[in-house]
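Novice: Going by the UniProt record's numbering, the first residue of the sequence shown is number 1, and it counts up by one from there. The C-beta atom is built at its ideal place from N, Cα and C for all residues, glycine as well. Predicted model only: the values in this text are computed from it and were never measured. My structure is below; once you've seen it, I'll send some questions.
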Amino acid sequence: MIGEELVLFRKWMSNQDKAIKTIKEYSNSIDCFNDYLQKNKCSLLSFKKEDAINFIEEKNKESKSKVILNRYIASVNAYYEFKEENIRLSMKMLIVSDIPAVNSKKITIISKDVQDLMYKYANKTWKKRNISMILLILETGIKLYELVALNRDDLHVINDNPYVTIRGKISRNLPISEELYSTILKSYKTSGYSGESMFSSQLNNRCSRQATATIFSNYGLTSQILRDTYIYNLINSGVDTYNIAQLAGITTSDQMISKFYNCEYKFINKFLEVQN
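Now the structure itself:
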């Protein structure tokens, strides 16, 4: 019975267009999870959320590796999705403070509270263009050169859901929130610009990278901090390395991802609101 369950899980992953490497890694992880459950007189057909958390924490003690830990989290989350259960594990649920950070670097991340404040600011400020650019990186991980190259026709709606098409070295079509979509549309009205570029300067020219970086600096931010926060949010949601790379428009070997698995975090806990 369990064997059939694992076969169905593999078929489901294949139908989800997951990479062969990802299917193999997830299958091996769930095999290990099944062995753990059987040792604890349980099974894949009847385990509880606490069983999954205990399993991952046990693996953490064995490996001391955030790479492996995130792989197990992503694997269990994929299995939950396969079972159509609305449960997702994240790093925050686990006791992982004993993972060593040898030669680690500090990565600056925007705290969840500050991220929430950004959306409140977006609702009340007249600087719709500025906050739209900030939130667009936060929601999609778009690179700075991709951001300034966006045109208005890259923003569109599919089945009532807003998307932005990013045409970089790795093109992708990513969903954005209704709040951000609305803010971008309002930025068009406040600018008075009617050209093709999504974000324009006061002179009705396309915003340059330098000008955009200056805008971010006024808010105490950089495009790197925003992209790092985007990837941090994906990792905490249990997204695997392959899919993070696809979403962020980078390769799986890019140090942009690997640096997160041996680092310390510095959180931004205050948002500098630029007044109208």
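1) Under the three-state reduction of DSSP, which class applies to residue 206: helix, strand or coil?
2) If you draw a straight line from the C-alpha of residue 261 to the C-alpha of residue 67, how long is it?
3) What residue from 167, 155 and 73 has the CA that sits closest to residue 180's CA?
4) Just verifying my parser: in three-state terms, what is the DSSP assignment at residue 112?
5) Taking the straight line between their C-alpha atoms, what separation do you get for residue 87 and residue 235?
6) So the alpha helix (DSSP H) residue 264 belongs to, where does it begin and stop?
7) Fully enclosed by the region 138-217, which beta strand (DSSP E) runs are 3 residues long or longer?
8) Spell out a yes or no on whether the region 175-189 and the region 128-139 are touching, meaning 3 or more CB-CB pairs, one atom from each, closer than 8 Å.
9) Helix, strand or coil: how does DSSP classify residue 250 here?
10) Can you list, in chain order, the residues of its chain with a C-beta nearer than 8 Å to that of residue 70? Leave out the 5 residues immediately preceding and following it.
11) Starting from residue 255, trace the alpha helix (DSSP H) both ways and give me its first and last residue.
12) Which residues bound the alpha helix (DSSP H) around residue 21?
13) Can the beta-carbon of residue 269 be found closer than 9 Å to that of residue 113?
14) Quick check on DSSP: helix, strand or coil for residue 48?
15) Quick one: Cα of residue 83 to Cα of residue 25, how far?
16) Determine the burial state of residue 98: buried for a count of at least 16 other Cβ atoms within 10 Å of its Cβ, exposed for fewer.
17) Tell me which residue opens and which closes the alpha helix (DSSP H) that residue 228 is part of.
18) How about the region 219-233 and the region 129-146: do they share at least three Cβ pairs that are nearer than 8 Å?
19) DSSP puts residue 107 in a beta bridge; with which residues?
20) Compare the Cα-Cα distances from residue 247 to each of 208, 171, 191 and 202 and report the closest residue.
21) Confirm, please, whether the CB-CB distance from residue 31 to residue 6 is below 9 Å.
Specialist: Here's the rundown:
1) The residue labelled residue 206 in the question sits at position 206 within the sequence shown. Correct three-state label for residue 206: strand.
2) As a working mapping, residue 261 is identified with position 261 in the sequence shown. As a working mapping, residue 67 is identified with position 67 in the sequence shown. In a straight line, the C-alpha of residue 261 is about 6 Å away from that of residue 67.
3) Here residue 180 corresponds to residue number 180 of the sequence shown, with the count starting at 1. Considering only alpha carbons, the answer is 155.
4) Here residue 112 refers to the residue found at position 112 when the sequence shown is read from its first residue. Of the three classes helix, strand and coil, the one that applies to residue 112 here is helix, per DSSP.
5) Residue mapping note: residue 87 aligns to position 87 of the sequence shown, counting from 1. Residue mapping note: residue 235 aligns to position 235 of the sequence shown, counting from 1. Going from the Cα of residue 87 to the Cα of residue 235 covers about 16 Å.
6) Taking the first residue of the sequence shown as 1, we reach residue 264 at position 264. Element bounds for residue 264: not the alpha helix (DSSP H) but the beta strand (DSSP E), 263-268.
7) 155-158, 161-166 and 172-175
8) yes
9) Taking the sequence shown and counting its residues from 1, the one referred to as residue 250 is at position 250. Residue 250 falls in the coil class under three-state DSSP.
10) Counting from 1 along the sequence shown, the entry for residue 70 is found at position 70. The answer, listed in chain order, is 91, 235, 238, 240, 241 and 261.
11) What you label residue 255 is simply residue 255 of the sequence shown in a count that begins at 1. 255-258 is the extent of the alpha helix (DSSP H) around residue 255.
12) Numbered from its first residue, the sequence shown carries residue 21 at position 21. Start and end: 20-39.
13) Along the sequence shown, read from residue 1 onward, the residue named residue 269 stands at position 269. Along the sequence shown, read from residue 1 onward, the residue named residue 113 stands at position 113. In this structure, residue 113 lies closer than 9 Å to residue 269 by Cβ.
14) Indexing the sequence shown from 1 puts residue 48 at position 48. In this structure, residue 48 counts as coil in the three-state DSSP scheme.
15) By one-based count along the sequence shown, residue 83 stands at place 83. By one-based count along the sequence shown, residue 25 stands at place 25. Distance between the alpha carbons of residue 83 and residue 25 is about 18 Å.
16) As a first step, residue 98 is located in the sequence shown; it is residue number 98 there, counting from the start. With a pLDDT of 46 at residue 98, under the threshold of 50, the predicted position of this residue should be treated as unreliable, and no value is reported.
17) For this step, residue 228 is matched to residue 228 along the sequence shown. Its alpha helix (DSSP H) spans residues 223-236.
18) yes
19) As a working mapping, residue 107 is identified with position 107 in the sequence shown. Residue 107 pairs with 265.
20) Translated into positions along the sequence shown, residue 247 becomes position 247. Here the closest residue by C-alpha is 171.
21) For the purposes of this step, residue 6 is taken as residue 6 along the sequence shown, with counting starting at 1. For the purposes of this step, residue 31 is taken as residue 31 along the sequence shown, with counting starting at 1. Yes, Cβ-Cβ distance for residue 6 and residue 31 is below 9 Å.
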